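A.B. asks: Everything in the sequence shown is counted per the working numbering, starting at 77 for the first residue and increasing by one.
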Amino acid sequence: MNEKFLVGIAAVAVAAVAVLFGGLLNGSKAGRGSEAAAPEAAAGRLVAGFSPGDTAAYAAQLEVRVAADPADVQSLVLLGLAYQQRARETGDPSFYPRSGAALSRAARLDPRNSLSATGLAALAASRHRFEQARVLAGRAHRLAPYSTGPLGILGDALVELGRYSEAFTVFDRMAALRPNLASYSRVSYARELLGDPSGAIAAIRLAAEAGAGTVEPLAWTLVQLGNLYFDNGRLASAARAYRQGLAHFPGYVHAEAALGKVAAARGQYPEAIRRYRRAVERLPLPQYEGALGDVLRAAGREREAEEAFGAVDAVQRLLEANGVRTELETALFDLDHGRRPAEALARARLAYAERKSIEAEDVLAWALYVNGRCEEARAHSARALRLGTRDALKLFHRGMIELCRGDRRAARSFLRGALAINPHFSLHYAPVAARALR
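1) On the DSSP letters alone, give me the boundaries of the alpha helix (DSSP H) that GLY231 sits inside.
2) Does the Cβ of TYR428 have 16 or more other Cβ atoms within 10 Å, making it buried, or fewer, making it exposed?
3) When you compare only the Cα positions, how much space is there between ARG393 and GLY176?
4) May I have the straight-line CA-CA distance separating ALA144 from ASP130, to the nearest angstrom?
5) Taking buried to mean at least 16 other C-beta atoms within 10 Å of its own C-beta, is HIS473 buried or exposed?
6) Is DSSP giving LEU408 helix, strand or coil here?
7) How would you write the range of the alpha helix (DSSP H) that ASP370 sits in, first residue to last?
8) How about ILE277 and TYR260: are their beta carbons less than 8 Å apart?
9) Thinking C-beta only, is ILE477 closer than 8 Å to SER502?
10) Just verifying my parser: in three-state terms, what is the DSSP assignment at ARG254?
11) Give a yes or no on whether the C-beta atoms belonging to ALA600 and GLY231 are separated by under 8 Å.
12) Assess contact between the stretch 425-442 and the stretch 380-396, defined as three or more Cβ pairs (one per stretch) separated by less than 8 Å. Is contact present?
13) Indicate the three-state DSSP secondary structure (helix, strand or coil) for PRO187 in the structure shown.
14) Rounded to whole angstroms, what's the CA-CA distance from ALA512 to GLU378? Just pull it up for me.
15) Report buried or exposed for THR245, applying the criterion of at least 16 other Cβ atoms within 10 angstroms of its Cβ.
16) Might you give, ordered along the chain, the residues of its own chain that have their beta carbon closer than 7 Å to the beta carbon of ALA422, omitting 5 neighbours on each side?
17) In the DSSP assignment, find the unbroken alpha helix (DSSP H) run with TYR305 in it and report its ends.
18) Taking the straight line between their C-alpha atoms, what separation do you get for ARG140 and LEU154?
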């Protein structure tokens, strides 16, 4: 999935949620008095993909409850959602099967439970099984038509399946039901996809205002704001937003890695390496391991770069072993690092058969180009740009495909467009675009 948008962002009831969750966890008088509401609040944060506190301790508490009463549907649902949050916090996908087992048992015990259906939909999305996520989120929405959680997952899945008109309708409905961090974030992403960066920035600022008083949700939103600035070449504004996120939530991995990205774009490789190493030590996500390797390679530290790339392969194997589909991501990684082009093309085709999004179109186009099939590549690259998205990497891909076809005039137009949007769009490919233009 596009890392600009994290699947599963749902409604967050800001300070009230934190208070309710804290009471439930600590067994305080306030927590006992709110016992009926607190699990719903905790579930809301967990479905949203945000930490409700000490998730490890909470999961352990829930495991004790479920062991004592295997038919406790409420605890099973919360345990399944807590396992998903542990996967997000640690990067360990072995929590996914455990989440699926707990949520499936809850669904069997209570087929009308909307939270178990929402949790299963979120799990499918986390595993990049977007058609399954769409079906499950639709069912959860029918069970809880006034809840925005299922709508968010449904819209996310439709985006990843390339069904944009339907997705944007869902996001509009979500915003009408509850204009909050979750809905404003999705409105921002929709505007970004439609080539409206100013509108996207305005919406994500509204999301940040809605998340005032929270910790992780606001930090996440500030990172998304920074990403919008970065993707439009505004490094200083991006760095400011990332630092605000880090100041608000010290040690926040996604802000740390984002500042590494800014440092790399400025040619400050030692700082970028420090930032990325700090991030992967806490959360070994493939995109951050890969970015670390790219900076190490740019700094001339080839042996260390290969070690980082090896870590990417190891994490991808672990993801696949725990039910996560990674064909699209591994195809693009291999294509960008000169590895197994024919296999990468086969994986890109497999991913495209499942999800005909502009991301899948773009990766398939690039795979065809790398394998010398430029006429086929052009058709998919054109479809990757069909929404008018201002994405420098997609324009670069299109420019190189046109160059391969011999249309130098079109190639210059697309390559200039890529560098005009963001001259720092890629450590490796931005210089390639500049050389091609010369």
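C-beta: ideal position from N, C-alpha, C; glycine also. The structure displayed is predicted, hence computed values, not measured ones.
C.D. replies: The structure says:
1) Stepping through the sequence shown from its first residue, residue 231 is reached at position 155. First-last of the alpha helix (DSSP H) with GLY231: 224-236.
2) For the purposes of this step, residue 428 is taken as the residue at position 352 of the sequence shown. So TYR428 counts as buried.
3) Your numbering for residue 393 matches position 317 in the sequence shown. Your numbering for residue 176 matches position 100 in the sequence shown. Between the C-alpha atoms of ARG393 and GLY176 there is a straight-line separation of about 19 Å.
4) The count along the sequence shown starts at 1 and reaches residue 144 at position 68. The count along the sequence shown starts at 1 and reaches residue 130 at position 54. The alpha-carbon separation between ALA144 and ASP130 amounts to approximately 22 Å.
5) In the sequence shown, the residue the question calls residue 473 occupies position 397. With 16 or more other CB atoms across the displayed protein chains lying within 10 angstroms of its CB, HIS473 is buried.
6) Here residue 408 refers to the residue found at position 332 of the sequence shown. Helix.
7) Residue 370 sits at position 294 when you count from the first residue of the sequence shown. Its alpha helix (DSSP H) spans residues 362-374.
8) Walking along the sequence shown from the start, residue 277 turns up at place 201. Walking along the sequence shown from the start, residue 260 turns up at place 184. Against a cut-off of 8 Å, the Cβ pair of TYR260 and ILE277 comes out as no contact.
9) Within the sequence shown, numbered from 1, the residue matching residue 502 stands at position 426. Within the sequence shown, numbered from 1, the residue matching residue 477 stands at position 401. No, these two residues do not count as a Cβ contact at 8 Å.
10) For the purposes of this step, residue 254 is taken as the residue at position 178 of the sequence shown. Here ARG254 sits in coil by DSSP.
11) Any property of residue 600 remains undetermined from this structure, which presents the chain solely from 77 to 514.
12) The stretch 425-442 is not in contact with the stretch 380-396.
13) On the sequence shown, position 111 is the one that residue 187 refers to. PRO187 sits in coil when the DSSP states are folded into three classes, being neither helix nor strand.
14) Taking the sequence shown and counting its residues from 1, the one referred to as residue 512 is at position 436. Taking the sequence shown and counting its residues from 1, the one referred to as residue 378 is at position 302. So the two alpha carbons sit approximately 25 Å from each other.
15) Sequence index remark: in the sequence shown, residue 245 carries index 169 (1-based). Under this definition THR245 is an exposed residue.
16) As a first step, residue 422 is located in the sequence shown; it is residue number 346 there, counting from the start. Residues of the same chain with a CB within less than 7 Å of the CB of ALA422, apart from the 5 flanking positions on each side, do not exist.
17) Taking the sequence shown and counting its residues from 1, one reaches residue 305 at position 229. Per DSSP, TYR305 belongs to the alpha helix (DSSP H) from 292-307.
18) Locating residue 140 in the sequence shown gives position 64, where the first residue counts as 1. Locating residue 154 in the sequence shown gives position 78, where the first residue counts as 1. Sequence check: residue 140 is Val here, not Arg. Cα to Cα, VAL140 sits roughly 12 Å from LEU154.
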